[in-house]
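Beneath this line is the structure, given in structure tokens, with notes to follow.
Protein chains in written order, with the numbering used here: chain A, 1 to 252; chain B, 253 to 597.
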């Protein structure tokens, strides 16, 4: 069987196989949620297993004999130049997909992407968080999203004076005494990730930390002393440290 | 012409009878060896490869769209094969009303029974055309099904409730546009010319496919559908990932306030972002109250019908000029709908 024929007959199956292997490997290593929202994990894994099963059966059954006969006789010479181009471009797609899905290590969105997106200040992502559950819960366990939701739904009174212990990245909103500690919130897949964050009051922060860097902050919400900032409350910092990017940088 | 027939043909007149003679244990084992080898490559691949931010983000975003949509495409391929092999043609043709307008209306409600989102609908629509559904009717189904779909409707309700009529106009407006576009394409003198020659040929082959073991036939049809769909899907995902990196989203978002520009801006966003109809409501809501209700409706109607990934998938079936026309008409009607909602609210 010629390579070109294999490519023509099996490029779809090969792409499916690459997708399946990448999916199952990501799921096994717990990294699937770097790409899709956890609610899709089950469906994605079930479909991947089913697809794998179908692919193995497809291989066992092979192509139809007619296709083989056509190939053996005058078929090869009659494939048009355009047809061959199409076959080889499928080959190129296959090679790129193999590189991206099998070789390139999984990654989170870069600091550039994290800075370029607009901060979420309202809307469903924040409104859907059940604030009632947060009231009375241990604030030390709150995520950036929990605090942002509490702030958005309950107003400044809901958070003033509360102690925080947060990890997130530095989101530069163009002010010198206030930055945001943020995380990307994923509602479907990484494509729609958007920053959610709470303001941090820290004059001269640019001298200490880089925008985009991962940090851990301990402190408490105070009335925002900054004059050129719109936020009425902000975190007053007790301690601030650079940290490694967490294994799960997103919030859902 | 004949080589194309052979090319797209999953079954054969001279095929061996029954599954037993076709099934080869040796090939199955070979396949398992390939699977194991690829797994081994994935596991032993380097832990870190230094790439620039833009390249890395392009790859991350493309893979994320691919992994998100792959299960739905596979589901669609599976349903398409089931429709082609196990749903008798007369059931489809008899159950549907004879009047074209009513038939298209009925087909656009098919999404209620088959909750697959838009990428899964392309293989399914192909299956319907092979099974004898007219091309304009299939177009109506393709446009309407992702919106008139229980999951989409529930999620849109969760996101917006009944505020500003967004839910109503998404569902009703989507239905209206899909049927209007189907009617428009039914005016075409030779609807089969809307299809790519390659797909036309595979329709002809299917229409006189011979009796054979249906399991074997189904597997070969899956293979043929994968060959048609998956390269297009991968290219579509790559383009979507590339545009995400290359086009500043803020530019679109800053247009959000004006009643006219916001509609066009969110349609542009829907086109480039290419996310599933079942979750796009969550996404657009998370953009905040930046946008006018008409713009949100336009996003929610246009996105499921037309986006980069969908165009790549539909190109497997429809000619380029059909898709240009389809995109233009749908964009125009959606813009009108969005502007009308903005005027009314």
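Just so it is clear, CB atoms sit at the ideal spot from N, CA and C, and this is done for glycine as well.
Please read these numbers as outputs of a predicted model, since none were measured by experiment.
Span of the alpha helix (DSSP H), counted from its first residue to its last, around residue 25 of chain A
For the purposes of this step, residue 25 of chain A is taken as residue 25 along the first chain, with counting starting at 1. Counting along the chain, the alpha helix (DSSP H) containing residue 25 of chain A begins and ends at 3-28.
Going by DSSP, name the residue or residues bridged to residue 242 of chain A.
For this step, residue 242 of chain A is matched to residue 242 along the first chain. Residue 242 of chain A pairs with A:215.
What is the DSSP secondary structure of residue 293 of chain B, reduced to helix, strand or coil?
Numbered from 1 along the second chain, position 41 holds the residue referred to as residue 293 of chain B. If DSSP states are grouped into helix, strand and coil, residue 293 of chain B belongs with the helices.
Let me know if residue 466 of chain B comes out buried or exposed under the rule of 16 or more other beta-carbons within 10 Å of its beta-carbon.
The count along the second chain starts at 1 and reaches residue 466 of chain B at position 214. With fewer than 16 other Cβ atoms within 10 Å, it is exposed.
Alpha carbon to alpha carbon, how far is residue 186 of chain A from residue 482 of chain B? Give it in angstroms, no decimals.
Translated into the one-based positions of the second chain, residue 482 of chain B becomes position 230. Translated into the one-based positions of the first chain, residue 186 of chain A becomes position 186. C-alpha separation (whole angstroms): 25 angstroms.
Going by the CB atoms, is the gap between residue 15 of chain A and residue 478 of chain B shorter than 9 angstroms?
Position 226 of the second chain, counting from 1, holds the residue named residue 478 of chain B. Position 15 of the first chain, counting from 1, holds the residue named residue 15 of chain A. Yes, Cβ-Cβ distance for residue 478 of chain B and residue 15 of chain A is below 9 angstroms.
Can you round the beta-carbon distance between residue 382 of chain B and residue 336 of chain B to whole angstroms, since I take them to be within the 8 angstroms contact cut?
Counted from its first residue, the second chain places residue 382 of chain B at position 130. Counted from its first residue, the second chain places residue 336 of chain B at position 84. Between residue 336 of chain B and residue 382 of chain B the Cβ distance is about 6 angstroms, and since that is below 8 angstroms, they are a contact.
Backbone secondary structure at residue 303 of chain B - three-state DSSP:
Numbered from 1 along the second chain, position 51 holds the residue referred to as residue 303 of chain B. In this structure, residue 303 of chain B counts as coil in the three-state DSSP scheme.
Taking C-beta pairs closer than 7 angstroms, name the residues in chain A that residue 528 of chain B reaches, listed in chain order.
In the second chain, residue 528 of chain B corresponds to position 276, counting from 1. Ordered by position in chain A, the residues that pass the 7 angstroms Cβ test against residue 528 of chain B are 188.
Drop a sphere of 10 angstroms on the beta-carbon of residue 46 of chain A, count the other beta-carbons inside from all chains shown, and report buried for 16 or more, exposed for fewer.
Numbered from its first residue, the first chain carries residue 46 of chain A at position 46. Counting Cβ neighbours within 10 Å, residue 46 of chain A comes out exposed, since fewer than 16 surround it.
Is it right to say residue 149 of chain A is buried, meaning 16 or more other beta carbons lie within 10 angstroms of its own, or is it exposed?
Sequence index remark: in the first chain, residue 149 of chain A carries index 149 (1-based). Flag for residue 149 of chain A reads buried.
Residue 522 of chain B vs residue 410 of chain B beta-carbon contact at 9 angstroms
Residue numbering aside, residue 522 of chain B sits at position 270 when the second chain is read from its first letter. Residue numbering aside, residue 410 of chain B sits at position 158 when the second chain is read from its first letter. No, the pair does not count as a contact, with Cβ atoms beyond the cut-off.
What are the boundary residues of the alpha helix (DSSP H) that includes residue 480 of chain B?
To locate residue 480 of chain B, count along the second chain from 1; it is residue 228. Start and end: 466-498.
What did DSSP end up calling residue 599 of chain B once you bin it into helix, strand or coil?
The structure shown does not extend to residue 599 of chain B, since chain B is modelled only from 253 through 597, so no value can be given for it.
Under 9 angstroms between C-beta atoms of residue 328 of chain B and residue 375 of chain B:
Position 76 of the second chain holds residue 328 of chain B. Position 123 of the second chain holds residue 375 of chain B. Yes. Within cutoff.
Starting from residue 196 of chain A, trace the beta strand (DSSP E) in both directions and tell me its first and last residue.
The residue you call residue 196 of chain A lines up with position 196 of the first chain. Here the beta strand (DSSP E) through residue 196 of chain A covers 194-201.
Roughly how many angstroms separate the alpha carbons of residue 439 of chain B and residue 583 of chain B, rounded to a whole number?
Here the question's residue 439 of chain B lines up with position 187 in the second chain. Here the question's residue 583 of chain B lines up with position 331 in the second chain. Their Cα atoms are separated by approximately 19 angstroms.
When B:406, B:397 and B:389 are compared against residue 437 of chain B, the one with the closest alpha-carbon
Taking the second chain and counting its residues from 1, one reaches residue 437 of chain B at position 185. The shortest C-alpha separation from residue 437 of chain B is found at B:389.
Chain-ordered neighbours of residue 609 of chain B on chain A, where CB pairs are closer than 8 angstroms
Outside the shown range of chain B, which is 253 to 597, sits residue 609 of chain B, and nothing can be said about it.
Taking any Cβ of chain B, which residues in the segment 17-28 of chain A have a Cβ under 9 angstroms from it, in chain order?
17, 18, 19, 20, 21, 22, 23, 24, 25 and 26
State yes or no: is the C-beta of residue 446 of chain B within less than 9 angstroms of the C-beta of residue 455 of chain B?
Taking the second chain and counting its residues from 1, the one referred to as residue 446 of chain B is at position 194. Taking the second chain and counting its residues from 1, the one referred to as residue 455 of chain B is at position 203. Contact: no.
If we count the other Cβ atoms within 10 Å of its Cβ and call it buried at 16 or more, is residue 294 of chain B buried or exposed?
The count along the second chain starts at 1 and reaches residue 294 of chain B at position 42. Answer is buried; the Cβ neighbour count reaches 16.
Residue 35 of chain A: contacting residues in chain B (beta-carbon distance under 8 angstroms)
Counting from one through the first chain, the residue named residue 35 of chain A turns up at place 35. Neighbours of residue 35 of chain A on chain B, chain order: 312, 315, 316, 319 and 320.
Apply the 10 Å Cβ neighbour rule to residue 13 of chain A and answer buried if 16 or more other Cβ atoms are within range, or exposed otherwise.
Taking the first chain and counting its residues from 1, the one referred to as residue 13 of chain A is at position 13. Label assigned to residue 13 of chain A: buried.
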